[in-house]
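Trainee:
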Amino acid sequence: MQNEELTFKMARKEELWFHAKDIPGSHVVISGNLDPSDEVKTDAAELAAYFSQGRLSNLVQVDMIEVKKLNKPTGGKPGFVTYTGQKTLRVTPDPEKIASMKKS
1 MQNEELTFKM ARKEELWFHA KDIPGSHVVI SGNLDPSDEV KTDAAELAAY FSQGRLSNLV
61 QVDMIEVKKL NKPTGGKPGF VTYTGQKTLR VTPDPEKIAS MKKS
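Under UniProt numbering, the letters of the sequence shown match residues 1 to 104, in that order.
And the structure:
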C-alpha cells in the first residue's frame, strides 16, 4: 500500500498519523482507535521511524497529528503532505521490537 492511499483514502479524519520528521519514510496511521494509549502512540512512532531513512539512527523525531490536519499540496509529489500543529515524539527504532510487532 502506498502512503497516499493509506493517508487520503483509507484513514479516517480523526485518526492519528505518524511520519519521521523531515526525512522520507512510511506513513503510519492508528486505525480504529480514536483514543490510543501512550504505548500505542510510541509503537506507531517507532514503526514510522523504522520504516524511514532514519532507521539506523539512535534517535528519530516523529511527527504525530490528526489526519484531518494534513494538506496535500496541489502538484505535490505522491505521499507529500504539509501540516501544522503536530506533536513530535523522539524514539529509537528497535529492529527486534518491530519484528515482534510484525508477528502479532
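Heads up, the beta-carbon is just placed ideally off N, CA and C, and yes, glycines get one too.
These numbers were taken from a predicted model, which means no experiment stands behind them.
Check for me: the beta strand (DSSP E) holding Met64 runs from which residue to which?
Mentor: Counting along the chain, Met64 sits inside the beta strand (DSSP E) bounded by residues 60 to 66.
Trainee: Could you check what DSSP says for Leu47 in three-state terms: helix, strand or coil?
Mentor: helix
Trainee: Pull up the CB-CB distance for Met64 and Phe8, whole angstroms please, since I reckon it's below 8 Å.
Mentor: In fact, because the Cβ distance is near 18 Å, the residues do not count as touching under 8 Å.
Trainee: In or out: Ser41 buried (at least 16 other Cβ within 10 Å) or exposed?
Mentor: Checking the displayed sequence, the identity of residue 41 turns out to be Lys instead of Ser. Looking at its Cβ environment, which holds 16 or more other Cβ atoms inside 10 Å, Lys41 is buried.
Trainee: Can the beta-carbon of Ala44 be found less than 7 Å from the beta-carbon of Ala20?
Mentor: By the CB criterion at 7 Å, Ala44 and Ala20 fall outside the cutoff.
Trainee: On the three-state DSSP scale, how would you describe Ala20?
Mentor: strand
Trainee: Just the Cα atoms here: how many angstroms apart are Lys103 and Asp38?
Mentor: 21 Å
Trainee: Compare the beta carbon distance of residue 109 and Glu15 with 7 Å and say whether it is the shorter of the two.
Mentor: With the chain represented from 1 up to 104, any question about residue 109 goes unanswered, as that position is not in the structure.
Trainee: May I ask you to report which of helix, strand or coil DSSP gives Ser31?
Mentor: coil
Trainee: Ignore the nearest five residues each way along the sequence and tell me which others in Val91's own chain have a CB closer than 7 Å to its CB.
Mentor: Thr42, Ala45, Glu46, Ala49, Val60, Val62
Trainee: Judging by CA-CA distance, which residue of Met10, Leu34, Pro24, Leu56 is the nearest neighbour of Pro95?
Mentor: Leu56
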